[in-house]
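Right, one structure below, let's go through it.
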Amino acid sequence: MCSAKEAVSSFVSDGDYIVYDFSSLTRGPQALIREVIRQRRKDLWVGAEFTLHESALLTGAGCATRIDVGFLGYGSYIGQAVCEGRVKVYEWTNGGLALRMLAGARGVPFLPTRDLLGSDNMTFSAAKVIEDPYTELPVAIVPALHPDVAFLHVHQADIYGDARIFGTNLFALEAAMASHRVIISAEEIVDHEEFRKDPMRTTIPYFLVDAVVHVPFGAYPGAMPARYELDLPHVDVLNGIRNEEQMQEYLHETVYSVADHEEFLDQRVGARRMAELRRAATITE
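Its first residue numbered 1298, the sequence shown is counted upward by one per residue in my numbering.
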């Protein structure tokens, strides 16, 4: 167990490749991403199937210089950054990136896919075309991904690193298996005996994990299924960032001027708003 500050300081370096599943709208590791920005890490390569507002924030903070993406959005800021050459984007598909992670987890150099064939993704990614040795038809292959660090936000974890995700996840286990280092941020820390009683609910086992951080509301302003809903007014603020002045104003207000995620929630969000978001959650465990 450690703080987000300690986890990022110990396990994230300049130039690292960082991966996470989900995004700023649902179960994204927002507390960890904001801590990376707060510590001003540089020259990061970011990989995510859905990278939404976090890609803009990491670029605006000068942290990210390259992004592997299956879906890139929202807002105009990140598009402007790409056009200006401040960040390089490699365009895959959601399925293609998931297969890259699966290849890394399985320890194979690549995996085949058809979903990139005939698209411009073949031009703007590192995918290649080979001849299927069985059918002699063309097939795309995508290289295995071995990130330096995986950020995974979960519903429950114990102090050793066992973690549970309730509901949908994209490639959390595969990311943990493929990555050199894994940081878990958890809404709730539960006793290890809870995992021993029901091991089939364990999503990520402890031996893959390097650090565990207790971060209630760690996905804010996104939703955490069965815990709290998306804060749409805050998301609208993120969507409205269109230039450098607005980006730096947002980063100062929500990241640089607060010591950590807990202080951000206390001073910039408030207990009343968090209670409203809890009540608004429409999914139950």
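Every residue gets a Cβ at the ideal spot worked out from N, C-alpha and C, and that includes glycine. Since we're looking at a predicted model, the values are computed, not measured.
Item                                                                                                                                                                                  : Value
For Val1506, count neighbouring C-beta atoms within 10 Å of its own C-beta (all shown protein chains included) and say buried if the count is 16 or more, exposed if not.             : buried
In chain order, which beta strand (DSSP E) runs of at least 3 residues are fully inside the region 1358–1405?                                                                         : 1361–1369 and 1385–1388
Could you tell me which of Val1566, Pro1440 and Val1384 sits nearest to Gly1519, measuring between CA atoms?                                                                          : Val1566
As a quick exercise: from Ile1315, Gly1404 and Gly1393, pick the residue whose alpha carbon is nearest that of Leu1414.                                                               : Gly1393
Taking only the alpha-carbon atoms, compute the straight-line gap between Thr1362 and Ser1306 and give it to the nearest angstrom.                                                    : 20 Å
Please determine if the region 1515–1534 and the region 1306–1317 are in contact, where contact requires at least 3 C-beta pairs separated by less than 8 Å.                          : no
From what residue to what residue does the alpha helix (DSSP H) around Phe1492 run?                                                                                                   : His1489 to Lys1494
Can you tell me the Cβ-Cβ gap for Met1544 and Gly1359, rounded? I've got them flagged as a contact below 8 Å.                                                                         : In fact, because the Cβ distance is near 10 Å, the residues do not count as touching under 8 Å.
Bridge partners of Gln1453, per DSSP?                                                                                                                                                 : Arg1461 and Glu1485
Can you tell me which of Arg1493, His1450 and Glu1491 puts its alpha carbon nearest to the alpha carbon of Ala1472?                                                                   : His1450
Between the region 1480–1492 and the region 1509–1518, do at least 3 Cβ pairs fall closer than 8 Å?                                                                                   : yes
Hey, Ala1353 and Gly1401: beta-carbon distance below 8 Å or not?                                                                                                                      : no
Apart from the five residues on each side of it in sequence, which residues of its chain come closer than 8 Å, Cβ to Cβ, to Leu1548?                                                  : Ile1334, Leu1354, Gly1357 and Ala1358
Let's see if you can read the secondary structure: which residues bound the alpha helix (DSSP H) around Ala1304?                                                                      : Ala1301 to Phe1308
Alpha carbon to alpha carbon, how far is Gln1453 from His1489?                                                                                                                        : 11 Å
Considering just the uninterrupted stretch of the beta strand (DSSP E) at Pro1435, what are its terminal residues?                                                                    : Pro1435 to Pro1440
Along the chain, where does the beta strand (DSSP E) that runs through Pro1409 open and close?                                                                                        : Phe1407 to Thr1410
Distance check for Val1343 and Lys1385, CA to CA, integer angstroms please.                                                                                                           : 10 Å
Please confirm whether Val1366 and Ala1345 have their CB atoms less than 8 Å apart.                                                                                                   : yes
Near Ala1578, what residues of its chain come up, given a Cβ to Cβ distance below 7 Å and the 5 sequence neighbours on each side ignored?                                             : Ala1523, Arg1524, Tyr1525 and Glu1526
Assuming Ala1469 and Ile1462 are in contact, meaning their beta carbons sit under 8 Å apart, how far apart are those beta carbons, in whole angstroms?                                : 6 Å
Might you give, ordered along the chain, the residues of its own chain that have their beta carbon closer than 8 Å to the beta carbon of Met1298, omitting 5 neighbours on each side? : Ile1456, Ile1486, Val1509, Val1510 and His1511
Are the beta-carbon atoms of Asp1459 and Tyr1503 separated by less than 8 Å?                                                                                                          : yes
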